[in-house]
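*Asks:* My structure is below; once you've seen it, I'll send some questions.
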Amino acid sequence: MKTLLIIDVQNDFMPNGSLPVPNGDRIVPVINAMQYKFDLIIATQDWHPKDHISFASNHNGKSNFDIIEIHGQSQTLWPNHCVQGTEGAEFHPNLKTDKFEAVFRKGTDKTIDSYSAFYDNGHLKSTGLAGYLKDKGTSKLYLCGLAADICVFFSIMDAKKEGFDCSFIHDASEALDNKTFEKLKKEMIGMGIEIVTSETI
Ligand code: VGL
Ligand code: ZN
8 MKTLLIIDVQ NDFMPNGSLP VPNGDRIVPV INAMQYKFDL IIATQDWHPK DHISFASNHN
68 GKSNFDIIEI HGQSQTLWPN HCVQGTEGAE FHPNLKTDKF EAVFRKGTDK TIDSYSAFYD
128 NGHLKSTGLA GYLKDKGTSK LYLCGLAADI CVFFSIMDAK KEGFDCSFIH DASEALDNKT
188 FEKLKKEMIG MGIEIVTSET I
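According to this note's numbering, the residues represented by the sequence shown are 8 to 208, in order.
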């Protein structure tokens with residue numbers, strides 16, 4: 008069974024959002040057009056309380072994109088984004104959502120960031136997504152969305168470690184930083200993740 012996992016296609020990650028991913032809106036029609044190819048579609052939303060630890064505004068004297076240590080882990084400090092219940096946290100208005108069987112929200116605990124759809128960044132708490140997908144009978148998992156070098160990357164690496172046969176849909180994803188992403192793509196390939204385009208699915 009083919010499952011599509013759409014990561015964080017939310018307003019704040021669009022070119023006019025608070026944490027813009029270059030060309031983030033380009034992928035919306037691509038994702039809409041390929042949905043008919045899948046048996047199950049799940050989406051995630053980054054969903055932070057406004058006092059979230061990953062926001063620079065919650066750390067005195069710190070600026071956006073500074074990197075600090077939290078609980079012995081390095082944490083990039085982001086502009087406020089995807090605050091629960093705000094328009095910035097909504098899906099892009101043109102994203103087709105009627106086929107979404109479930110939406111998993113992450114980053115809801117103010118004390119820890121969560122890039123992966125499966126675990127928080129400390130790998131302490133599971134979101135339950137792996138169990139859900141296995142229970143639904145997912146054999147092949149396709150990932151796409153924003154940002155390719157952050158939440159899509161960490162999600163697909165966790166998915167692979169959970170034992171799913173994983174493909175990354177290149178033309179249905181955009182990275183915050185393309186140079187970083189070129190390196191991460193090699194890491195994905197090294198893990199046995201396939202890189203595909205939406206037409207070949
Ligand atoms: C993301 C940075 C902070 C993402 C979420 O969805 O890639 N990036 N929070
Ligand atoms: Zn976030």
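Beta carbons: idealized from backbone N, C-alpha and C, even for Gly.
Between the C-alpha atoms of Lys113 and His55, what's the straight-line distance to the nearest angstrom?
*Replies:* As a first step, residue 113 is located in the sequence shown; it is residue number 106 there, counting from the start. As a first step, residue 55 is located in the sequence shown; it is residue number 48 there, counting from the start. Approximately 8 Å, taken between the alpha carbons.
*Asks:* Quick one: using the 10 Å Cβ neighbour count with 16 as the cut-off for buried, is Tyr122 buried or exposed?
*Replies:* Taking the sequence shown and counting its residues from 1, the one referred to as residue 122 is at position 115. Burial call: buried.
*Asks:* Is it true that the CB of Cys158 sits closer than 8 Å to the CB of Ser180?
*Replies:* Stepping through the sequence shown from its first residue, residue 180 is reached at position 173. Stepping through the sequence shown from its first residue, residue 158 is reached at position 151. Contact flag unset, no.
*Asks:* Do the stretch 71 to 82 and the stretch 141 to 149 touch if we need at least three Cβ pairs shorter than 8 Å?
*Replies:* Short answer: they don't touch.
*Asks:* Kindly list the residues whose CB is nearer than 6 Å to the CB of Asp53, restricted to its own chain and excluding five residues on each side of it in sequence; keep chain order.
*Replies:* Position 46 of the sequence shown holds residue 53. Hits under 6 Å: Asp15, Cys89, Gly114.
*Asks:* What is the DSSP secondary structure of Ala209, reduced to helix, strand or coil?
*Replies:* Limits of the chain in this structure are 8 at one end and 208 at the other, which puts residue 209 out of reach.
*Asks:* Relative to the C-alpha of Leu11, which candidate in Ile200, Lys190, Lys44 has its C-alpha closest?
*Replies:* Taking the first residue of the sequence shown as 1, we reach residue 11 at position 4. Nearest of Ile200, Lys190, Lys44 to Leu11, Cα basis: Lys44.
*Asks:* Between Leu191 and Phe171, which are expected to be in contact by the criterion C-beta below 8 Å, what is the C-beta distance as a whole number of angstroms?
*Replies:* Counting from 1 along the sequence shown, the entry for residue 191 is found at position 184. Counting from 1 along the sequence shown, the entry for residue 171 is found at position 164. So it is not a contact: roughly 18 Å between Cβ atoms.
*Asks:* Is the distance from the Cβ of Lys65 to the Cβ of Asp73 below 8 Å?
*Replies:* Residue 65 sits at position 58 when you count from the first residue of the sequence shown. Residue 73 sits at position 66 when you count from the first residue of the sequence shown. According to the sequence displayed, residue 65 carries Asn and not Lys. Cβ atoms of Asn65 and Asp73: not closer than 8 Å.
*Asks:* Within this structure, are the beta carbons of Ala137 and Phe125 separated by less than 8 Å?
*Replies:* To locate residue 137, count along the sequence shown from 1; it is residue 130. To locate residue 125, count along the sequence shown from 1; it is residue 118. Yes.
*Asks:* Taking 7 Å as the cut-off, does the CB of Phe20 come closer than this to any heavy atom belonging to the ligand VGL?
*Replies:* If you number the sequence shown from 1, residue 20 lands on position 13. Phe20: yes, Cβ under 7 Å from the ligand VGL.
*Asks:* Quick one: does the C-beta of Tyr122 sit closer than 7 Å to a heavy atom of the ligand VGL?
*Replies:* Locating residue 122 in the sequence shown gives position 115, where the first residue counts as 1. Checking every heavy atom of the ligand VGL against the Cβ of Tyr122, one is found closer than 7 Å.
*Asks:* Skipping 5 residues on each side, what residues in its chain have a beta carbon closer than 6 Å to that of Asp19?
*Replies:* Within the sequence shown, residue 19 is the residue found at index 12, counting from 1. Correct list, in chain order: Ser25, Leu26, His88, Cys89, Gly95.
*Asks:* Check for me: the alpha helix (DSSP H) holding Thr187 runs from which residue to which?
*Replies:* Position 180 of the sequence shown, counted from the first residue, corresponds to residue 187. First-last of the alpha helix (DSSP H) with Thr187: 185 to 197.
*Asks:* Do Phe188 and Ala155 come within 8 Å of each other at the CB atom, strictly closer than that value?
*Replies:* Start at 1 with the first residue of the sequence shown, and residue 155 comes out as number 148. Start at 1 with the first residue of the sequence shown, and residue 188 comes out as number 181. Taking 8 Å as the Cβ cut-off, Ala155 and Phe188 qualify as a contacting pair.
*Asks:* Return the first residue and the last residue of the beta strand (DSSP E) that Ser81 is part of.
*Replies:* Locating residue 81 in the sequence shown gives position 74, counting from the first residue. Looking at the DSSP string, the run of the beta strand (DSSP E) that includes Ser81 is 80 to 83.
*Asks:* First and last residue of the alpha helix (DSSP H) that includes Ala137?
*Replies:* Translated into positions along the sequence shown, residue 137 becomes position 130. That run of the alpha helix (DSSP H) goes 136 to 142.
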